[in-house]
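K.L.:
Take a look at the following structure, please.
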Amino acid sequence: MSPSLPTAQTPPPPSPSQARSGGPAPVSVLGTGSYLPERVMTNAELEQIVETNDEWITSRTGIRERRIAGSDENTSDLGAKAARIALEQAGISPAEVDLILVATASPDMFFPATACLIQSALGARKAACMDISAACSGFLYAIEMARHMIAGGAIRYALVVGAEKLSAMVDWTDRNTCVLFGDGAGAAVLGLRPAGRTGRGVMNTLMGSDGDYADILGVPGGASRCPVTAANMDQRLNTIKMVGKETFKQAVSAMTNASVEVLARTGLSINDISCIIPHQANIRIIDAIADRLKVGKARFFLNLEKYGNTGAAAVAIALDEAHRQGRFQPGDRLLLVVFGSGLTWASAVIEW
Ligand code: UT7
1019 MSPSLPTAQT PPPPSPSQAR SGGPAPVSVL GTGSYLPERV MTNAELEQIV ETNDEWITSR
1079 TGIRERRIAG SDENTSDLGA KAARIALEQA GISPAEVDLI LVATASPDMF FPATACLIQS
1139 ALGARKAACM DISAACSGFL YAIEMARHMI AGGAIRYALV VGAEKLSAMV DWTDRNTCVL
1199 FGDGAGAAVL GLRPAGRTGR GVMNTLMGSD GDYADILGVP GGASRCPVTA ANMDQRLNTI
1259 KMVGKETFKQ AVSAMTNASV EVLARTGLSI NDISCIIPHQ ANIRIIDAIA DRLKVGKARF
1319 FLNLEKYGNT GAAAVAIALD EAHRQGRFQP GDRLLLVVFG SGLTWASAVI EW
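Quick note on my numbering: the sequence shown kicks off at 1019 and runs consecutively.
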């Protein structure tokens, strides 16, 4: 007989002070972590693989290098490493985690969920686990879901991970896409604001999608609609295909609008924000958003030069690096904004 498995336990109800405030309980980011594979692939190395050059890649995207996971390193391995660091910073043990949400477009397998594999690696025995499929926007989608489950009292601690091994999904003969992507993982632990912290935590979030643009960015084959067969293998349908210019245009307008709208919902202006952490796809997309929001680029946290576009992991890695580099302090307000295949987009305002 198989042993009975523990299930997520109901946490204690909100404290009297939360109940008195009448509003949603403040849900905070208690810890962050990230992990990047050791192997660095430079633009010069890509020149040996496809017809491209460092000047084109740097001027059109801002990317100089990216990290590539080893053949024995899976998305779940990257995610588990980032998660351990986030849990350690939060001072929460894996056994205390009620929920693991993993945002990824490059799961280890279709199923089981990569979240379950990370659960097993961590020994987070009581956690309920699932993956979120919202491409590069998934980390903020997951933050939104975790926040409501915590604020509503259903769970106490959530581990939210963005993890990708996009190098396994890239067509290494297609210069239009292979120069853009990289591997990595970021994680955040969410829970009710602990004693001693004053920031209002995740103040507001926004999510949106437009499936009418589903065909401009994605992996068309390898799933149930179009399985990869010996006959169609040469078309590499199980790799990323993108209509770059249209994706660029949609990214700029969706991320600008999502920023403006989440600020309006929060009753803040862009001048109230100390640090903007955008999806790290292309420096020209960020330049265009900065122009439209009328805010200096110095306010944006950027690391795409080192890692390229790491999909759902990008904003999670950037949040962790910005945190560790002291780019924001307690009481500062952050704006996170993302965009991805679907189309999907999301934004969040966090008071640290
Ligand atoms: O995370 C999801 C969101 N993804 C994105 O946000 C990506 C959005 N799109 C982009 O970032 C840009 O559209 C790209 C970086 C993908 C492309 O930049 P672009 O300025 O839109 O270039 P393009 O696609 O219009 O291509 C211009 C030229 C073409 O040559 P011709 O037709 O003008 O002779 C391409 O074949 O550049 C050529 N090209 C390259 N040349 C050297 C495309 N890729 C490369 C390359 N190296 N890697």
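Glycine included, each C-beta is placed from N, C-alpha and C at the ideal position.
(1) Consider the Cβ of His1297: report whether some Cβ of chain C lies at a distance smaller than 9 Å.
(2) Just reading off the beta strand (DSSP E) that Tyr1053 is part of, what are its end residues?
(3) Less than 8 Å between the CB of Ala1276 and some heavy atom of the ligand UT7, yes or no?
(4) Look up Met1019 in the DSSP assignment and say whether it is helix, strand or coil.
(5) Could you tell me if Thr1216 is buried or exposed, where buried requires 16 or more neighbouring beta carbons within 10 angstroms of its beta carbon?
(6) Measuring straight from C-alpha to C-alpha, what distance separates Asp1116 and Ala1276?
(7) Can you tell me whether DSSP reads Met1148 as helix, strand or coil?
(8) Thinking C-alpha only, which one of Asp1201, Ala1308 and Asp1072 is nearest Ala1123?
(9) Report back the beta-carbon spacing between Ala1330 and Gly1180 to the nearest angstrom; my notes put them in contact at under 8 Å.
(10) I think Ile977 touches Phe1318, with their Cβ atoms under 8 Å apart; what is that distance to the nearest whole Å?
(11) Taking the alpha-carbon of Arg1254 as reference, which of Gly1262, Lys1312, Gly1285 and Asp1189 has the nearest alpha-carbon?
(12) Taking 8 Å as the cut-off, is the CB of Thr1191 close to at least one heavy atom of the ligand UT7?
(13) Consider the C-beta atom of Arg1082 and the heavy atoms of the ligand UT7; say whether any pair is separated by less than 8 Å.
(14) Using a threshold of 9 Å, state whether the C-beta atoms of Ser1359 and Ala1186 are closer than that.
(15) So, at 8 Å on beta carbons, what are the nonlocal neighbours of Ser1287 in its own chain, with the 5 sequence-adjacent residues on each side left out?
(16) For Lys1183, is the classification buried or exposed, using 16 other Cβ atoms within 10 angstroms of its Cβ as the cut-off for buried?
(17) Does the contact criterion of 3 or more C-beta pairs under 8 Å hold for the region 1077 to 1091 versus the region 1053 to 1063?
(18) How many Å lie between Leu1352 and Thr1284 at the Cα?
(19) Identify whether Ala1108 lies in helix, strand or coil by the three-state DSSP scheme.
(20) Secondary structure at Phe1128, three-state DSSP: helix, strand or coil?
(21) Starting from Gly1202, trace the beta strand (DSSP E) in both directions and tell me its first and last residue.
(22) Rounded to whole angstroms, what's the CA-CA distance from Glu1279 to Pro1296? Just pull it up for me.
(23) Can you check whether the CB of Ser1155 is closer than 9 Å to the CB of Arg1356?
P.N.:
Walking through what the data contain:
(1) This model lacks chain C altogether, as it is built from one protein chain only.
(2) Within the sequence shown, numbered from 1, the residue matching residue 1053 stands at position 35. Note, Tyr1053: beta strand (DSSP E), Val1045 to Tyr1053.
(3) The count along the sequence shown starts at 1 and reaches residue 1276 at position 258. Every heavy atom of the ligand UT7 is 8 Å or more from the Cβ of Ala1276, so no.
(4) Position 1 of the sequence shown holds residue 1019. Unreliable positioning characterises Met1019 in this predicted model, as indicated by a pLDDT of 39, which lies under 50. The coordinate reading is nonetheless provided below. It is coil, neither helix nor strand.
(5) In the sequence shown, residue 1216 corresponds to position 198, counting from 1. So Thr1216 ends up on the exposed side.
(6) Residue numbering aside, residue 1116 sits at position 98 when the sequence shown is read from its first letter. Residue numbering aside, residue 1276 sits at position 258 when the sequence shown is read from its first letter. Near 30 Å, if we compare the C-alpha coordinates of Ala1276 and Asp1116.
(7) Residue numbering aside, residue 1148 sits at position 130 when the sequence shown is read from its first letter. Residue state, collapsed to three classes: strand.
(8) On the sequence shown, residue 1123 is found 105 positions in, with the first residue counted as 1. Ala1123 has its Cα closest to that of Asp1201, out of Asp1201, Ala1308 and Asp1072.
(9) In the sequence shown, counting from the first residue as 1, residue 1330 sits at position 312. In the sequence shown, counting from the first residue as 1, residue 1180 sits at position 162. For a cut-off of 8 Å, the C-beta gap from Ala1330 to Gly1180 is around 4 Å, short enough to register as a contact.
(10) No answer is possible for residue 977: it lies beyond the span of the chain, which begins at 1019 and ends at 1370.
(11) Counting from one through the sequence shown, the residue named residue 1254 turns up at place 236. Distance check between Arg1254 and each of Gly1262, Lys1312, Gly1285 and Asp1189 places Asp1189 closest, using alpha-carbon atoms only.
(12) As a working note, residue 1191 is residue 173 in the sequence shown. Every heavy atom of the ligand UT7 is 8 Å or more from the Cβ of Thr1191, so no.
(13) Residue numbering aside, residue 1082 sits at position 64 when the sequence shown is read from its first letter. It does not: the Cβ of Arg1082 is nowhere closer than 8 Å to a heavy atom of the ligand UT7.
(14) In the sequence shown, counting from the first residue as 1, residue 1359 sits at position 341. In the sequence shown, counting from the first residue as 1, residue 1186 sits at position 168. No. Outside cutoff.
(15) Numbered from its first residue, the sequence shown carries residue 1287 at position 269. Closer than 8 Å at the Cβ level, and outside the excluded window around Ser1287, lie Leu1281.
(16) The sequence position of residue 1183 within the sequence shown is 165, counting from 1. Per the 10 Å Cβ criterion, buried.
(17) yes
(18) The sequence position of residue 1352 within the sequence shown is 334, counting from 1. The sequence position of residue 1284 within the sequence shown is 266, counting from 1. Spanning the alpha carbons of Leu1352 and Thr1284 requires a straight line of approximately 12 Å.
(19) To locate residue 1108, count along the sequence shown from 1; it is residue 90. In the structure shown, Ala1108 sits in a helix (DSSP, three-state: H, G or I).
(20) On the sequence shown, position 110 is the one that residue 1128 refers to. It is coil, neither helix nor strand.
(21) Position 184 of the sequence shown, counted from the start, is the residue given in the question as residue 1202. Counting along the chain, the beta strand (DSSP E) containing Gly1202 begins and ends at Asp1201 to Leu1210.
(22) Taking the sequence shown and counting its residues from 1, the one referred to as residue 1279 is at position 261. Taking the sequence shown and counting its residues from 1, the one referred to as residue 1296 is at position 278. About 15 Å.
(23) Counted from its first residue, the sequence shown places residue 1356 at position 338. Counted from its first residue, the sequence shown places residue 1155 at position 137. A small fix is needed here, since residue 1356 is Val in this sequence, not Arg. Closer than 9 Å, so yes.
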